[in-house]
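Contents: one structure, followed by commentary.
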Amino acid sequence: MIVAVILARSTKADRTRRDIVAAAVDVWAADNSASLGTVADRAGVGRTTVNRYFADRAQLIAAVDEECRARYASAVAQSRPTEGTGLEALLRMCTELIQLGSVLGLVFADNALVDPDTWYDDEDDPLGSAISRGYQDGSLAQDLPGDWVGTVVWTTLFAAHLVVASGSRTWHEAASLLTRTLTSGIAAPGA
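Quick note: the sequence shown uses UniProt numbering, first residue 1, plus one each step.
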C-alpha cells in the first residue's frame, strides 16, 4: 500500500514537472523573456509549484533545453536519416522538424535559450551526415560548400517556421515550399 502511494505521488510529480517544462517551451517560444509566473499560469500551477520543481529560471531553461533536444532527436529519428540519398534525408528531416513548432520558436528566437549546435557532436550530427552523404551519392551540388548547404537548410527551415507560426501556411504547405526551395537550390542537376 505504501509503495502504491509513493508511486502515485511520483507519477503525479513527474507529470507536473513535464507539464511545467512543456508550458515553458510554448511560452518562451513566443516570448523568451516571459516570467516564471507566466509559465506557471500556462502549466496550470502556482508559481510556488514551479519553484518546488525548479529553484530558478536557469534550472528550468536547462530542463527546456533537454526537452527540446529530445523532441529534436525524435523528429530526426522519425525522418529515417540514414535511408535514401543525402538530399532525400535532408528533405525528410526538414519535414519532420517543421512540425516541432515551439522548439523551432526557441531555436530561432533572438537571444535564443536553446542551441541545437550543442545537441550533437560534429561526428554524429545527422544534418552534417546527410550533407556528406549527399556529396558522396551525387544528390547535392558538388560546388556548394557543406557549411553553405547547412546554412541554407536552417535558413529555409526558419522561413518555413515563420509562415507556419504566422498562420499564413499550414506545416504541410510549408513543407512543400521548403522541399521545392531546397530541391531547386542545393540539389545536383537532375537529382
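We put the beta carbon where it would ideally sit given N, CA and C, even for glycine.
Handout entry: Straight-line gap, Val149 to Thr156 (C-alpha atoms, nearest Å)
Key = Counted from its first residue, the sequence shown places residue 149 at position 149. Counted from its first residue, the sequence shown places residue 156 at position 156. So the alpha carbons of these two residues sit roughly 10 Å apart.
Exercise for the section: Alpha carbon to alpha carbon, how far is Gly146 from Thr85? Give it in angstroms, no decimals. Expected result: Numbered from 1 along the sequence shown, position 85 holds the residue referred to as residue 85. Numbered from 1 along the sequence shown, position 146 holds the residue referred to as residue 146. Between Thr85 and Gly146, the C-alpha separation is close to 16 Å.
Handout entry: Close-in-space but distant-in-sequence residues of the same chain around Met93 (CB under 7 Å, 5 per side omitted)
Key = Counting from 1 along the sequence shown, the entry for residue 93 is found at position 93. Contacts found: Val76, Ser79, Pro81, Pro126, Leu127, Ala130.
Exercise for the section: For the alpha helix (DSSP H) containing Val152, list its first residue and its last residue. Expected result: For the purposes of this step, residue 152 is taken as the residue at position 152 of the sequence shown. Here the alpha helix (DSSP H) through Val152 covers 146 to 166.
Handout entry: 6 Å Cβ shell around Ile61 - same chain, five flanking residues per side excluded
Key = Position 61 of the sequence shown, counted from the start, is the residue given in the question as residue 61. Here the set comprises Leu113.
Exercise for the section: Could you name the residues of the same chain whose beta carbon sits closer than 6 Å to that of Trp171, not counting the 5 residues immediately before and after it, in chain order? Expected result: Indexing the sequence shown from 1 puts residue 171 at position 171. Ile98, Gln99, Val164.
Exercise for the section: Pick helix, strand or coil for Leu140, following the three-state DSSP scheme. Expected result: As a position in the sequence shown, residue 140 is number 140, starting the count at 1. It is a strand residue.
Exercise for the section: Determine the burial state of Asp65: buried for a count of at least 16 other Cβ atoms within 10 Å of its Cβ, exposed for fewer. Expected result: Stepping through the sequence shown from its first residue, residue 65 is reached at position 65. Buried, because 16 or more other Cβ atoms sit within 10 Å of the Cβ of Asp65.
Practice task
Check whether the Cβ atoms of Ala40 and Val50 sit closer than 8 Å, and answer yes or no.
Solution key: Within the sequence shown, the letter at position 40 stands for residue 40. Within the sequence shown, the letter at position 50 stands for residue 50. Yes; because the gap between Cβ atoms is below 8 Å, this pair is in contact.
Problem - Proximity winner among Glu67, Asp143, Val152, relative to Leu178 (alpha-carbon distances) - result: Here the question's residue 178 lines up with position 178 in the sequence shown. Cα-wise, what sits closest to Leu178 is Val152.
Handout entry: Buried versus exposed call for Ala70 [16 or more other C-beta atoms within 10 Å across all chains shown]
Key = Residue numbering aside, residue 70 sits at position 70 when the sequence shown is read from its first letter. Flag for Ala70 reads exposed.
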